[in-house]
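Below is one structure, written out as structure tokens; comments come after it.
In the numbering used here, the protein residues as written are 434 to 645.
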């Protein structure tokens with residue numbers, strides 16, 4: 434039911450864009466990097482977080498004005514969980530879904546072939562662990578990697594460029610930063626271990642879009 438609700442939410446946003454005078458919709462693909470988070474315990478230190486991995490998704494946006502636009506996007510990221518210390522690393526299957534709406538500011542009018550832009554907005558990140566739980570997981574004196582789904586609020590920012598191939602077809606390349614509170618139920622700290630702050634998800638993506 435939750436998956437159906439998310440699909441309906443994205444579909445409704447895309448449908449509202451289709452009703453706009455000028456709009457674009459397309460697909461994205463790329464690679465994502467998340468810096469490791471350090472944790473300490475009385476027995477030492479470790480690093481934990483999400484493994485780097487591929488990402489892909491869809492987007493749709495309205496361009497009612499020459500320089501300002503709005504856009505919704507969905508990205509699915511392959512992001513196994515990990516914890517490492519002293520030459521030992523434990524991996525745990527997982528993925529992340531990003532849903533966001535953002536405002537775009539272009540530095541060239543929509544009639545131009547090259548359109549650099551910046552974007553800012555927000556949404557939610559859905560972190561999921563899908564591996565097999567293991568009570569004897571190595572390094573569980575630092576964190577436990579869990580079979581859990583955790584939803585976090587998200588702030589997003591981006592910078593990129595659009596290139597118009599034809600009147601109705603365009604390319605884009607951009608770098609995104611998705612920032613959320615650390616998912617500390619998905620990656621649960623052991624007793625006496627402090628784990629919090631923000632998790633930065635850096636996404637380098639390219640895409641192709643239909644422009645109407």
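Cβ coordinates follow ideal geometry from the N, Cα and C atoms, glycine included.
It should be emphasised that the depicted structure is a prediction, and the values quoted were computed from it without experimental measurement.
Less than 7 Å between the beta carbons of residue i and residue j, yes or no?
i: residue 536; j: residue 503; result: yes
i: residue 511; j: residue 487; result: yes
i: residue 550; j: residue 505; result: no
i: residue 640; j: residue 461; result: yes
i: residue 517; j: residue 564; result: no
For residue i, which of the options has the nearest alpha-carbon?
i: residue 458; options: 465, 547, 482, 492; result: 492
i: residue 608; options: 615, 584, 598, 636; result: 636
i: residue 509; options: 525, 580, 490; result: 490
i: residue 617; options: 604, 605, 632; result: 632
i: residue 539; options: 628, 595, 521, 615; result: 595
i: residue 524; options: 455, 480, 629; result: 480
Determine the DSSP secondary structure at residue i, reduced to helix, strand or coil.
i: residue 520; result: coil
i: residue 451; result: With a pLDDT of 43 at residue 451, under the threshold of 50, the predicted position of this residue should be treated as unreliable, though the coordinate-derived value follows. The answer is helix: DSSP assigns residue 451 an H, G or I state.
i: residue 513; result: coil
i: residue 529; result: strand
i: residue 633; result: strand
i: residue 535; result: strand
i: residue 565; result: coil
i: residue 549; result: strand
i: residue 476; result: coil
i: residue 469; result: coil
i: residue 611; result: strand
i: residue 507; result: strand
My guess is that residue i and residue j are in contact by the Cβ rule of under 8 Å, so how many angstroms apart are they, rounded?
i: residue 611; j: residue 589; result: 5 Å
i: residue 474; j: residue 575; result: 6 Å
Who are residue i's beta bridge partners in DSSP?
i: residue 605; result: 595, 640
i: residue 584; result: 559
Does the CB of residue i have a neighbour CB from chain B at under 7 Å?
i: residue 490; result: This model lacks chain B altogether, as it is built from one protein chain only.
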